[in-house]
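Worksheet: one structure, shown below.
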Amino acid sequence: MNFIRPRQSSAALGAELKRHIGRHVEKQFDWNAFPSNNGFADLERAQMRYIGAGGSPKVGDPATLKPEHFTLSLIYKHVGKYAACHAHEIEESFLILNGVLTVGWELDGDVVEVRLGPKDMILNARDIGHGFRNDGIEPVLMSISVDVGKPLPPRYLYHPKNTDPELARRFGAAPGKTLAFDPESSHPLQKLMARHVIRATGQPSHFDAAGITTKIYVGPGGIASETCRKDMMGVPPRVKVKPYQRDVEEAFLVLDGEITIGWIAEDGSLAEAELGPRDLVMTPAGRPRWFANNSVAPATIWRVVGERGTETVHFTADES
Ligand SMILES: [Fe+2]
Numbered sequence: 060m061n062f063i064r065p066r067q068s069s070a071a072l073g074a075e076l077k078r079h080i081g082r083h084v085e086k087q088f089d090w091n092a093f094p095s096n097n098g099f100a101d102l103e104r105a106q107m108r109y110i111g112a113g114g115s116p117k118v119g120d121p122a123t124l125k126p127e128h129f130t131l132s133l134i135y136k137h138v139g140k141y142a143a144c145h146a147h148e149i150e151e152s153f154l155i156l157n158g159v160l161t162v163g164w165e166l167d168g169d170v171v172e173v174r175l176g177p178k179d180m181i182l183n184a185r186d187i188g189h190g191f192r193n194d195g196i197e198p199v200l201m202s203i204s205v206d207v208g209k210p211l212p213p214r215y216l217y218h219p220k221n222t223d224p225e226l227a228r229r230f231g232a233a234p235g236k237t238l239a240f241d242p243e244s245s246h247p248l249q250k251l252m253a254r255h256v257i258r259a260t261g262q263p264s265h266f267d268a269a270g271i272t273t274k275i276y277v278g279p280g281g282i283a284s285e286t287c288r289k290d291m292m293g294v295p296p297r298v299k300v301k302p303y304q305r306d307v308e309e310a311f312l313v314l315d316g317e318i319t320i321g322w323i324a325e326d327g328s329l330a331e332a333e334l335g336p337r338d339l340v341m342t343p344a345g346r347p348r349w350f351a352n353n354s355v356a357p358a359t360i361w362r363v364v365g366e367r368g369t370e371t372v373h374f375t376a377d378e379s
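Residue numbers (the working numbering): 60 to 379.
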């Protein structure tokens, strides 16, 4: 008789897995995450921290997962509000989840503005002045990740505390000095930005043997980076991958659909959790894990892996 004994579930591993999950409905948006915005209504924004503080000084938040190579948070921005132009010595990505965000980069008084829609991303380069503004008709929700190698505070270049508010709203561009993003332009700032913007609809999908599609955002095949890989995975219904592991941490933020994640203990026992939209799991280095889509609809997952370089994990379908 062909009999396979089911793996035992482990309560201890289940508790550990739960500690590495951020459930959207259990978390809070923080309207006071950025003290430099206090007193400036036009700069209002809310932050929901999943991994680390993500540019906020609130690094000790116990409701937040401890970062290793990157942070991950959500930022909410009302229509008409903006973030003042600043620079920092770390890379920072903005992935738009809802709405349309205008992101401006400034160099020597010139500003290039790009409009980003859902699932578009910009990787703000180190030391480049950048700000953002919601010129749309609906609120913007985006996911921000920064590398935590050099967690220095931002240098504000055009903040309304010491800049004409209209100039600050334009990220430092004098009238006539704002350029609409044009990836074909020969302007040095346009060329630089063009290497750091990913349009979801412009990225090729890679199909693997397990049936999963991947669009690479950051890493070989996407934007070059010295820190982390970032990509968007599509997982069809009824697809399950065989266990795999990594030498670094890996985060999944579910954008659409549902996903089941399973961890495997040293003794072979199991823990599972089901994640829905805006839920996150961060699996630490070395932990064997698998995932599956047990729902009737495809799942879309934003994935951040705490290393640079070529992907080493290749999924295999588990059809058992
Ligand atoms: Fe920034």
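Yeah, the Cβ is synthetic: ideal placement off N, Cα and C, and Gly gets one too.
Boundaries (first-last residue) of the alpha helix (DSSP H) holding residue i
i      : result
Glu75  : Ala70 to Arg78
Arg228 : Pro224 to Arg228
Lys250 : Pro247 to Ala253
Selection from the options that minimises the alpha carbon distance to residue i
i      : options                           : result
Glu166 : Arg348, Trp349 and Ala232         : As written in the sequence, residue 166 is Leu, which differs from the Glu given in the question. Out of Arg348, Trp349 and Ala232, Ala232 has the C-alpha closest to the C-alpha of Leu166.
Ala259 : Ile282, Glu243, Thr237 and Ala239 : Ile282
Val84  : Glu308, Leu334 and Val162         : Leu334
Gly316 : Ser379, Ser132 and Met292         : Met292
Gly114 : Ile320, Ala122, Ala376 and Thr130 : Thr130
Ala332 : Phe311, Tyr303, His147 and Tyr141 : Phe311
Arg214 : Ala253, Arg185 and Lys178         : Arg185
Met341 : Trp361, Asn353 and Glu325         : Trp361
Asp89  : Ala269, Ser132 and Thr369         : Ser132
Glu243 : Lys125, Arg254 and Ile110         : Arg254
Gly163 : Ala142, Ile149, His147 and Ile155 : Ala142
Phe392 : Ala105, Ile320 and Asp326         : Given a span of 60 to 379 for the chain in the structure shown, any question on residue 392 remains unanswerable.
Lys236 : Lys125, Gly278, Val170 and Lys178 : Val170
Glu58  : Pro347, Asn91, Arg305 and Ile318  : The requested residue 58 does not occur in the structure, where the chain is confined to residues 60 to 379.
Met107 : Val313, Val205 and Lys86          : Lys86
Tyr276 : Phe266, Arg288 and Gly270         : Arg288
Val138 : Phe191, His147, Ala112 and Val173 : Phe191
Cys144 : Leu124, Pro177, Ile187 and Glu127 : Ile187
Gly327 : Val307, Ile318 and Pro302         : Pro302
Pro121 : His128, Gly111 and Glu127         : Gly111
Lys250 : Asp179, Val173, Ser354 and Phe266 : Val173
Ala358 : Leu238, Leu72, Ile80 and Val313   : Val313
Residues bridged to residue i (per DSSP)
i      : result
Trp24  : In the structure as shown, the chain begins at 60 and stops at 379. Residue 24 is therefore absent and cannot be evaluated.
Asp338 : BP columns for Asp338 are empty, so no partner.
Val355 : In DSSP, Val355 forms no bridge with anything.
Ala376 : Val300
Glu151 : Asn183 and Val205
Trp349 : Gly321
Arg108 : Ser132
Glu331 : Gly321
First through last residue of the beta strand (DSSP E) which encompasses residue i
i      : result
Lys274 : Thr272 to Val277
Ala112 : Ala112 -> no beta strand (DSSP E), and no H or E assigned at all.
Trp322 : Ile318 to Ile323
His145 : Tyr141 to Ala146
Leu216 : Arg214 to Tyr217
Secondary structure of residue i, DSSP reduced to three states
i      : result
Met60  : Residue placement at Met60 is poorly supported in this model, since its pLDDT is 40, which falls under 50; the coordinates still yield a value, given next. If DSSP states are grouped into helix, strand and coil, Met60 belongs with coil.
Ser132 : strand
Thr237 : strand
Gly306 : A quick correction: the sequence has Asp, not Gly, at residue 306. Coil.
Glu85  : helix
Glu268 : Rather than Glu, the amino acid found at residue 268 in this sequence is Ala. Note: Ala268 maps to coil in three-state DSSP.
Arg367 : coil
Pro242 : coil
Ala259 : helix
Ala100 : helix
Lys117 : coil
Residue i beta carbon near ligand 2 (any heavy atom closer than 7 angstroms)
i     : result
Gly81 : Looking for ligand 2 in the displayed structure turns up nothing; the ligands present are ligand 1.
Problem set entry | Contiguous beta strand (DSSP E) assignments of at least 3 residues, all confined to the stretch 154-212 | 160-166, 169-175, 180-183, 188-192 and 199-205
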